[in-house]
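First residue of the sequence shown? That's 109 in our numbering, and the numbers climb one at a time after it.
Backbone N, C-alpha and C fix where the C-beta goes; we use that ideal spot for every residue, glycine too.
For clarity, every value in this text was computed on a predicted model and none was experimentally measured.
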Amino acid sequence: MKKLIVPGFISGVAMLVVGMILNRLYPLVFPALTQEYENPAMFRPWSDPLMMLFFLYPFILGFVVAFLWTKKIAEKKPLKFALVYWLIASVPGMFVTYTSFTVSLAMVVSWTLSGFIQAFIAGFIFSRFKL
109 MKKLIVPGFI SGVAMLVVGM ILNRLYPLVF PALTQEYENP AMFRPWSDPL
159 MMLFFLYPFI LGFVVAFLWT KKIAEKKPLK FALVYWLIAS VPGMFVTYTS
209 FTVSLAMVVS WTLSGFIQAF IAGFIFSRFK L
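What follows is the structure in structure tokens.
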């Protein structure tokens, strides 16, 4: 368990940074996303103190995927790991998101792509740690 803490934390930091970069780039490809994110009927405003918990997500995910990495679900190869995680978690989750919530296909595509990229980054970090 101890050996998961450092790689899990580092992958959390990396996924947070990558997610923030992607969230700045996506509106260049999907310009309507900015308005969609500002919809108070859909998302909490950043002034809501509860929104600070949003930044815990990549760290929670970092520890969870570090644990999954140790289970050898994809031969400890970052690309295979990302693909397996993405197919199991992101694709079904984003399908149900698109069919259940009033979010655009562009938003769902951006989230789905982010899920894959973040899983790959985490797998790359874990492979360097020989986890």
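Taking the alpha carbon of residue i as the reference point, which residue from the options has its own alpha carbon closest?
{"i": "glycine 231", "options": "Ala174, Leu141, Thr142 and Val217", "result": "Ala174"}
{"i": "lysine 110", "options": "Phe171, Thr220, Gln143 and Glu144", "result": "Phe171"}
{"i": "methionine 128", "options": "Leu195, Gly223 and Asp156", "result": "Gly223"}
{"i": "tyrosine 134", "options": "Lys238, Trp219, Ile229 and Phe237", "result": "Trp219"}
{"i": "serine 212", "options": "Leu187, Glu144, Leu239 and Arg236", "result": "Glu144"}
{"i": "isoleucine 229", "options": "Lys184, Phe162 and Thr207", "result": "Lys184"}
Do you know how far the Cα of residue j is from the Cα of residue i?
{"i": "valine 114", "j": "leucine 169", "result": "13 Å"}
{"i": "arginine 152", "j": "threonine 210", "result": "15 Å"}
{"i": "serine 119", "j": "alanine 149", "result": "32 Å"}
{"i": "glycine 116", "j": "phenylalanine 167", "result": "7 Å"}
{"i": "leucine 112", "j": "glycine 201", "result": "25 Å"}
{"i": "isoleucine 77", "j": "phenylalanine 234", "result": "Nothing can be reported for residue 77: it is not among the residues displayed for the chain, which extend from 109 to 239."}
{"i": "tyrosine 193", "j": "alanine 227", "result": "7 Å"}
{"i": "leucine 141", "j": "alanine 214", "result": "7 Å"}
{"i": "tryptophan 154", "j": "alanine 122", "result": "22 Å"}
{"i": "alanine 197", "j": "phenylalanine 237", "result": "24 Å"}
{"i": "leucine 124", "j": "methionine 160", "result": "13 Å"}
{"i": "aspartate 156", "j": "proline 139", "result": "25 Å"}
{"i": "leucine 191", "j": "phenylalanine 203", "result": "16 Å"}
{"i": "phenylalanine 189", "j": "asparagine 147", "result": "34 Å"}
Cβ of residue i within 9 Å of Cβ of residue j?
{"i": "valine 217", "j": "threonine 205", "result": "no"}
{"i": "leucine 221", "j": "leucine 164", "result": "no"}
{"i": "threonine 178", "j": "leucine 239", "result": "yes"}
Segments assigned alpha helix (DSSP H), at least 4 residues, entirely inside the stretch 134-177: Listed in chain order, the complete alpha helix (DSSP H) runs (minimum 4 residues) inside the stretch 134-177 are 141-145.
Entirely enclosed alpha helix (DSSP H) segments - the stretch 184-225, minimum 4 residues: 186-193 and 199-208
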